[in-house]
Amino acid sequence: LFLGRALDESLLADLERALLAGDVGPRTTTALIDEVRAAWKAKRLQRSEDVEPFLRERITERLRSGGNALVRAASGPTVILVCGVNGSGKTTSIGKLTKFLKRDGARVVLGAADTFRAAAVEQLTIWSERNGVEIVKQAQGADPAAVAFDAVTAGKARGADYVVIDTAGRLHTQTNLMQELEKIRRVVKKAVPDAPHETLLVIDATNGQNAIRQAEQFHKAVTVTGIFVTKLDGTAKGGALVAVRDTIGVPVKFVGTGEQIDDIEVFDPAAFAAALFD
Amino acid sequence: DSLAQRFTRLFAGLGRSKLTPANIEDGVREVRTALLEADVGLDVVRGFVERVKEKAVGLTRLDGVAPADQFVKVVHDELVALLGGEETRIRWNDRGPTVFMMVGLQGTGKTTTCGKLALHLRRKEGKKPLLVAADVKRPAAIEQLKVIGRQVDVPVYAEEGGRPEKICARGVAKAIETGRDVVILDTAGRLHIDAELMDELEDVKGKTNPHEIWLVVDAQVGQDAVASAREFDRRLAVTGVVLSKTDGDARAGAALSIREVTGKPIRYVGTGEKLEQIEPFVPKRVAGRILG
Ligand SMILES: Nc1nc2c(ncn2[C@@H]2O[C@H](COP(=O)(O)OP(=O)(O)OP(=O)(O)O)[C@@H](O)[C@H]2O)c(=O)[nH]1
Ligand SMILES: Nc1nc2c(ncn2[C@@H]2O[C@H](COP(=O)(O)OP(=O)(O)OP(=O)(O)O)[C@@H](O)[C@H]2O)c(=O)[nH]1
Ligand SMILES: [Mg+2]
Ligand SMILES: [Mg+2]
Numbered sequence: 022l023f024l025g026r027a028l029d030e031s032l033l034a035d036l037e038r039a040l041l042a043g044d045v046g047p048r049t050t051t052a053l054i055d056e057v058r059a060a061w062k063a064k065r066l067q068r069s070e071d072v073e074p075f076l077r078e079r080i081t082e083r084l085r086s087g088g089n090a091l092v093r094a095a096s097g098p099t100v101i102l103v104c105g106v107n108g109s110g111k112t113t114s115i116g117k118l119t120k121f122l123k124r125d126g127a128r129v130v131l132g133a134a135d136t137f138r139a140a141a142v143e144q145l146t147i148w149s150e151r152n153g154v155e156i157v158k159q160a161q162g163a164d165p166a167a168v169a170f171d172a173v174t175a176g177k178a179r180g181a182d183y184v185v186i187d188t189a190g191r192l193h194t195q196t197n198l199m200q201e202l203e204k205i206r207r208v209v210k211k212a213v214p215d216a217p218h219e220t221l222l223v224i225d226a227t228n229g230q231n232a233i234r235q236a237e238q239f240h241k242a243v244t245v246t247g248i249f250v251t252k253l254d255g256t257a258k259g260g261a262l263v264a265v266r267d268t269i270g271v272p273v274k275f276v277g278t279g280e281q282i283d284d285i286e287v288f289d290p291a292a293f294a295a296a297l298f299d
Numbered sequence: 012d013s014l015a016q017r018f019t020r021l022f023a024g025l026g027r028s029k030l031t032p033a034n035i036e037d038g039v040r041e042v043r044t045a046l047l048e049a050d051v052g053l054d055v056v057r058g059f060v061e062r063v064k065e066k067a068v069g070l071t072r073l074d075g076v077a078p079a080d081q082f083v084k085v086v087h088d089e090l091v092a093l094l095g096g097e098e099t100r101i102r103w104n105d106r107g108p109t110v111f112m113m114v115g116l117q118g119t120g121k122t123t124t125c126g127k128l129a130l131h132l133r134r135k136e137g138k139k140p141l142l143v144a145a146d147v148k149r150p151a152a153i154e155q156l157k158v159i160g161r162q163v164d165v166p167v168y169a170e171e172g173g174r175p176e177k178i179c180a181r182g183v184a185k186a187i188e189t190g191r192d193v194v195i196l197d198t199a200g201r202l203h204i205d206a207e208l209m210d211e212l213e214d215v216k217g218k219t220n221p222h223e224i225w226l227v228v229d230a231q232v233g234q235d236a237v238a239s240a241r242e243f244d245r246r247l248a249v250t251g252v253v254l255s256k257t258d259g260d261a262r263a264g265a266a267l268s269i270r271e272v273t274g275k276p277i278r279y280v281g282t283g284e285k286l287e288q289i290e291p292f293v294p295k296r297v298a299g300r301i302l303g
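Here the protein sequences line up with chains H and L, keeping their order. Here the first sequence is numbered in our numbering, starting from 22 and rising by one per residue. Here the second sequence is numbered in our numbering, starting from 12 and rising by one per residue.
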C-alpha cells in the first residue's frame with residue numbers, strides 16, 4: 022500500500038483515512054497519527070515503508086497488555102457472566118465458547134438468565150444441545166438473578182469446571198436494566214464469593230464510537246474483565262476497540278468470526294491491528 | 012459538549028463581526044470531528060463539510076446574528092434537508108396483499124421490527140397482516156417470531172426447514188387464501204459480502220415481488236453502514252430504512268450516511284424492545300442527535 026511513496030503528509034493523510042474508515046474514531050486516530058509524525062520529525066522513522074509497521078506496532082502494543090487468558094477460579098467452577106447490548110451476539114458467542122472450553126474435556130453448565138426476550142431460552146437450549154451440556158433455566162419472566170444463582174449452585178454441586186451465564190441484551194442507557202445486571206452479579210457472588218471470575222462484555226464489531234460508551238457504562242455497573250468482539254467476519258474492523266481499551270483498560274479475549282459453533286478465536290492483537298490496513 | 016457549544020466557544024471572540032474564511036476553517040474542523048464522532052461515513056463527512064463551507068461563506072455578507080448561531084443554523088439546516096424531504100407514505104397494493112420484506116445485517120432488530128410493523132399496521136391502519144418466518148437458520152428464530160406473533164395478535168406462517176424463497180412464496184399464497192392484506196417477511200440476518208446469502212435474498216424478492224424492502228439498521232453502527240447499505244441496495248433496490256435501537260445514546264450518524272449514499276428514505280425508527288416502540292422518522296430529531 023505504501024511502497025515507493027515519499028514519507029510525507031499525504032502518506033499520513035492516507036493512514037488517517039484507513040484508521041477512520043475502520044472506526045478508530047477521530048480522537049484516537051489523531052493521537053496515533055501524531056505519534057507517527059513525532060517519530061518522523063525525530064528521524065526515528067525515515068522510510069515510507071516503515072510507517073505502517075510502526076503504526077501497527079503502536080496499536081498492537083495498546084491492545085496486547087493484560088493478555089487474553091480467561092480468569093480461572095482457584096477452586097470450584099469458573100463462573101463467566103456474559104453481558105452486552107441487544108443483538109451484539111451474546112447467546113451465539115456462549116454457544117461457541119462452550120465448545121471451546123470443552124476441548125480439554127472440561128464440564129460446562131449454562132445458565133439461561135435471559136428470561137425476557139422472545140424465545141431466548143429456546144435459543145440457548147439449542148446451543149446447549151449442540152454442545153451436549155446441561156442448561157439451567159426457569160419459566161419465561163422469572164427473575165434473572167434467581168436463574169443465575171441456580172446455575173452457579175448447580176454447577177458447584179455437580180463439579181462443573183465452568184458455569185456460563187447468558188443475560189438479556191440491554192442498552193447501557195437503561196438504568197433499571199443496568200441495575201438488574203448489577204443485581205445478577207451480586208447474587209452470583211452470594212453463591213460463590215469470588216464469582217463471577219470472568220465478566221465478558223460482548224461488543225459487535227460493526228458498532229462505531231458508541232462502543233466506548235457501552236464499555237464505560239457496563240464496566241461501571243459490573244466490572245468487565247474481558248471483551249468478546251463479534252462479527253469480525255464482516256467488513257467492519259472494530260477499530261473502536263482501541264479507544265475502548267484506552268478507556269476501561271480491559272483486554273479483548275475472544276473474537277467471533279461467523280455464526281457457526283467453531284467461529285471463535287482467541288484474540289490476536291497483531292492480526293487485529295494488521296486488518297485495520299487491509 | 013454539543014456542536015453548538017463548541018461553536019459558541021470558537022466564535023466567542025468575534026462578537027457581532029462577520030464570519031471570515033479563516034474562522035470558518037476552524038468551525039469546519041469542529042463539524043468534521045463532531046460528525047466523525049457521530050459515526051457519519053468518512054466520505055459523506057467530506058461532502059457535507061464542503062457544502063457547509065459554501066453556505067457559510069455565503070453568510071459572511073449578513074449581519075445582525077452572532078456568527079456562532081449562523082453557523083449552527085447552516086449545519087443544522089443542511090442536515091435536516093439531507094435527512095428528510097421525501098414523501099414516505101406506504102403505497103398499498105390494490106391487487107392483493109402489500110408485501111414487506113425486512114433485510115439487514117445480523118442482530119439489527121429485523122424480527123422485532125417485523126412484530127412492531129405488524130402491530131402498527133393492525134392498530135393504526137386497520138390492516139390484517141401475516142408474518143412469515145423466513146429465517147430457517149438461526150436457532151429458535153421461528154419460535155421467536157411465533158411468540159411475537161402471539162404478542163401482537165397476528166398470525167405467523169412458518170415451515171420447519173426448507174428454502175426461504177419457497178416459504179415466502181407459500182406465505183404470500185397463504186395470505187391471499189386467508190384474506191390477509193399485508194405480508195411481512197422476516198429474513199435471516201446476513202453479511203452483505205456473503206454472495207450466496209445475498210443471492211438468496213434476490214430469490215426471495217423474485218418469488219414474492221415485495222412492494223416495500225426495508226433495510227433494518229442498528230443506530231449504533233459505525234463506518235460499516237456505508238458498505239453494507241450500499242450492497243443491500245445494489246442487490247435489492249431497497250425502498251426504505253428502519254433505524255433500530257434509537258433509545259440508546261448512539262449518535263446515529265449512519266442515518267445520514269445511508270441517506271446520502273443510497274438516496275433511500277428512513278421510514279421508521281425503533282425506540283425500544285417493546286412491540287409498541289416504533290415511530291415514524293422525524294428528520295429534526297435525528298439531526299439533533301447527530302450534532303450532539
Ligand atoms: N456474522 C456473524 N454473525 C454473528 C456473530 N456472532 C453472532 N452473530 C449473529 O448475530 C445475531 C445475534 O446473535 P445473538 O447471539 O442472538 O445476540 P444476542 O446478543 O444474544 O442478542 P439479544 O439476546 O437479543 O440481545 C445472530 O444472527 C447471530 O448468528 C459473528 O461472529 N459473526
Ligand atoms: N433497545 C432496543 N432494542 C431493540 C430494538 N429493536 C430490536 N431490539 C432488540 O435487539 C435484539 C435483536 O433483535 P432481533 O429482532 O432478534 O434482531 P434480528 O435482526 O432479527 O437478528 P437476526 O435475525 O439474528 O439477524 C433483541 O434483543 C431485540 O429486543 C430497539 O428499537 N430498541
Ligand atoms: Mg441473547
Ligand atoms: Mg431475526
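Just so you know, even glycine gets a beta-carbon here, dropped at the ideal spot from N, CA and C.
Measuring alpha carbon to alpha carbon, tell me which residue in Ala181/H, Leu262/H, Phe137/H, Trp61/H is nearest Leu122/H. Taking only the C-alpha atoms, the option nearest Leu122/H is Ala181/H.
Uninterrupted alpha helix (DSSP H) stretches inside the stretch 29-92 of chain H (no shorter than 4 residues): Runs of the alpha helix (DSSP H) spanning 4 or more residues and lying entirely within the stretch 29-92 of chain H occur at 30-42, 47-62, 72-85, in chain order.
Discussion item. Looking at Val55/L: is its Cβ nearer than 7 angstroms to the Cβ of Val85/L?
Written reply: No, Cβ-Cβ distance for Val55/L and Val85/L is not below 7 angstroms.
Extent of the continuous beta strand (DSSP E) run through Leu297/H:
Where Leu297/H is concerned, there is no enclosing beta strand (DSSP E), given that its DSSP letter is neither H nor E.
- Is it right to say Asp50/L is buried, meaning 16 or more other beta carbons lie within 10 angstroms of its own, or is it exposed? Buried, by the Cβ-count rule.
Note to self: Run through chain C and tell me which residues come within less than 7 angstroms of Arg38/H, C-beta to C-beta.
What the structure shows: Here the protein chains are H and L, and chain C is not one of them.
Under a Cβ-count criterion, where at least 16 other Cβ atoms within 10 Å of its own Cβ denotes burial, should Trp103/L be classed as buried or exposed?
Counting Cβ neighbours within 10 Å, Trp103/L comes out exposed, since fewer than 16 surround it.
Glu73/H classed as buried or exposed, judged by whether at least 16 other C-beta atoms fall within 10 angstroms: It is buried - the Cβ of Glu73/H has at least 16 other Cβ atoms within 10 Å.
- Give a yes or no on contact between the stretch 87-95 of chain L and the stretch 289-302 of chain L, applying the rule of three or more CB pairs nearer than 8 angstroms. Yes, they touch.
- At a cut-off of 6 angstroms, is Leu226/L close to ligand 2 when judged by its beta-carbon and the heavy atoms of the ligand? Every heavy atom of ligand 2 is 6 angstroms or more from the Cβ of Leu226/L, so no.
Original post:
Is there at least one Cβ from chain H nearer than 7 angstroms to Arg72/L's Cβ?
Top reply: For Arg72/L, the pLDDT reaches just 48, beneath the cut-off of 50, and the residue's location in the model is therefore unreliable, leaving the point undetermined.
Note to self: Whole angstroms are fine: how far does the CA of Ser86/H sit from the CA of Gly97/H?
What the structure shows: A direct Cα-Cα distance of roughly 28 angstroms separates Gly97/H from Ser86/H.
- prompt: In chain H, which residues lie with their C-beta within 8 angstroms of the C-beta of Gly259/L?
  reply: Those are Val106, Leu192, His193, Thr194, Asn231, listed as they occur along chain H.
Notebook entry, point to check: Mind checking whether the beta-carbon of Arg149/L lies closer than 6 angstroms to any heavy atom of ligand 1?
Noted result: For Arg149/L, the Cβ falls inside the 6 angstroms cut-off from some heavy atom of ligand 1.
task = Give, in chain order, every unbroken run of the alpha helix (DSSP H) that is at least 4 residues long and sits entirely within the stretch 145-185 of chain L.
result = Those alpha helix (DSSP H) runs which fall completely within the stretch 145-185 of chain L and span 4+ residues are 152-163.
By the 10 Å Cβ neighbour count, where 16 or more other Cβ atoms means buried, how is Ile187/L classified, buried or exposed?
Exposed, since its Cβ has fewer than 16 Cβ neighbours within 10 Å.
Self-check item: Inter-stretch contact (C-beta, 8 angstroms, three-pair minimum) for the stretch 165-182 of chain L and the stretch 153-171 of chain H
Solution: Remark: fewer than three beta-carbon pairs, one from each stretch, lie closer than 8 angstroms, so the stretch 165-182 of chain L and the stretch 153-171 of chain H are not flagged as touching.
- Item | Residues of its chain near Thr81/H, where Cβ-Cβ distance is below 7 angstroms and the 5 sequence neighbours each way are ignored | Once the five neighbours on either side are set aside, the close Cβ partners of Thr81/H are Pro290, Ala291, Ala294.
Can you tell which of Arg133/L, Gly172/L, Leu47/L, Ser255/L has its C-alpha closest to the C-alpha of Tyr279/L?
Of the residues Arg133/L, Gly172/L, Leu47/L, Ser255/L, the one whose Cα lies closest to the Cα of Tyr279/L is Ser255/L.
For this session: Pick helix, strand or coil for Arg72/L, following the three-state DSSP scheme.
Result: Annotation note: pLDDT 48 at Arg72/L (below 50); position unreliable, coordinate value reported separately. In the three-state DSSP reduction, Arg72/L falls in the coil class, being neither helix nor strand.
task = Tell me where the beta strand (DSSP E) around Thr220/H begins and ends.
result = First-last of the beta strand (DSSP E) with Thr220/H: 219-225.
Is any non-hydrogen atom of ligand 1 found closer than 6 angstroms to the C-beta of Asn107/H, if you look at the structure I gave you? The answer is yes for Asn107/H.
_Is the beta carbon of Asp210/L closer than 7 angstroms to that of Ala257/H?_
Not in contact: Ala257/H and Asp210/L (Cβ atoms no closer than 7 angstroms).
From Arg134/L to His87/L, what distance separates their C-alpha atoms?
-> Whole-angstrom Cα-Cα distance: 34 angstroms.
message = So, for Arg72/L: in the same chain, excluding its five sequence neighbours on each side, which residues have a beta-carbon less than 7 angstroms away from its beta-carbon?
response = Unreliable placement is indicated for Arg72/L, whose pLDDT of 48 sits below 50; the coordinate value is still reported in the next sentence. Once the five neighbours on either side are set aside, Arg72/L has no close Cβ partner at all.
**Residue nearest to Lys15/H in terms of C-alpha spacing, selected from Leu118/H, Leu102/H, Asn152/H, Thr146/H** = The structure shown does not extend to residue 15/H, since chain H is modelled only from 22 through 299, so no value can be given for it.
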